[in-house]
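Here's the structure, in structure tokens; my notes come after.
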């Protein structure tokens with residue numbers, strides 16, 4: 001998994017930081033969804049500056065019991081959505097890394 005962002009939790013419940021890749025370098029803010037309209041709805045909306053919506057995040061728990069957020073980012077300039085995980089750091093649970101990994105395809109498995 002590649003680290004494409006560093007974030008911290010703010011006093012107001014938002015999580016803010018920076019997303020950096022070869023093509024993207026932007027501030028981003030995870031804003032809690034007030035009242036979810038369904039259980040499948042996201043827990044956070046992700047915004048770039050000027051409240052441009054960039055994606056959403058869902059609360060998950062790893063097999064080891066660690067809380068993290070499954071993140072989907074998309075923009076018309078992206079060739080495809082980016083899927084990542086917002087993971088608390090070991091040193092400070094109020095700080096997070098945004099980790100991305102390319103999904104495996106059948107070609108990766110030799111099909």
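In the numbering used here, the protein residues as written are 1 to 111.
Built from N, CA and C at the ideal position, the CB exists for glycine as well.
The model shown is predicted, which means the values in this text are computed figures rather than measured ones.
- prompt: Contact check, residue 2 vs residue 18 under 8 Å by CB: the rounded distance?
  reply: Numbered from 1 along the chain shown, position 2 holds the residue referred to as residue 2. Numbered from 1 along the chain shown, position 18 holds the residue referred to as residue 18. About 15 Å separates the two Cβ atoms, so there is no contact after all.
task: Using DSSP bridges, identify the partner residues of residue 26.
output: As a first step, residue 26 is located in the chain shown; it is residue number 26 there, counting from the start. Beta-bridge pairing links residue 26 to 19.
message: Just verifying my parser: in three-state terms, what is the DSSP assignment at residue 88?
response: Numbered from 1 along the chain shown, position 88 holds the residue referred to as residue 88. If DSSP states are grouped into helix, strand and coil, residue 88 belongs with the strands.
Supposed contact pair residue 33 and residue 45 - C-beta distance, whole angstroms, cut 8 Å: The residue you call residue 45 lines up with position 45 of the chain shown. The residue you call residue 33 lines up with position 33 of the chain shown. Residue 45 to residue 33, Cβ: 6 Å. Contact.
message: Closest to residue 56 by C-alpha separation, out of 25, 84, 23, would be which residue?
response: Translated into the one-based positions of the chain shown, residue 56 becomes position 56. Residue 84 is the option with its Cα nearest to residue 56.
query: Residue range of the beta strand (DSSP E) that residue 5 falls in?
result: Locating residue 5 in the chain shown gives position 5, where the first residue counts as 1. Looking at the DSSP string, the run of the beta strand (DSSP E) that includes residue 5 is 2-9.
- prompt: In terms of alpha-carbon separation, which member of 35, 60, 54 lies closest to residue 86?
  reply: Numbered from its first residue, the chain shown carries residue 86 at position 86. Nearest of 35, 60, 54 to residue 86, Cα basis: 60.
task: Within the same chain, show all residues whose beta-carbon is closer than 8 Å to that of residue 53, passing over the 5 residues directly before and after it, in chain order.
output: Within the chain shown, numbered from 1, the residue matching residue 53 stands at position 53. Within the same chain, residue 53 has close Cβ partners 45, 46, 47.
query: What residues are listed by DSSP as bridge partners for residue 80?
result: Indexing the chain shown from 1 puts residue 80 at position 80. Answer is none; residue 80 lacks a bridge partner.
task: Give the range of the beta strand (DSSP E) segment to which residue 71 is assigned.
output: Locating residue 71 in the chain shown gives position 71, where the first residue counts as 1. Run containing residue 71: 67-73, per the beta strand (DSSP E) assignment.
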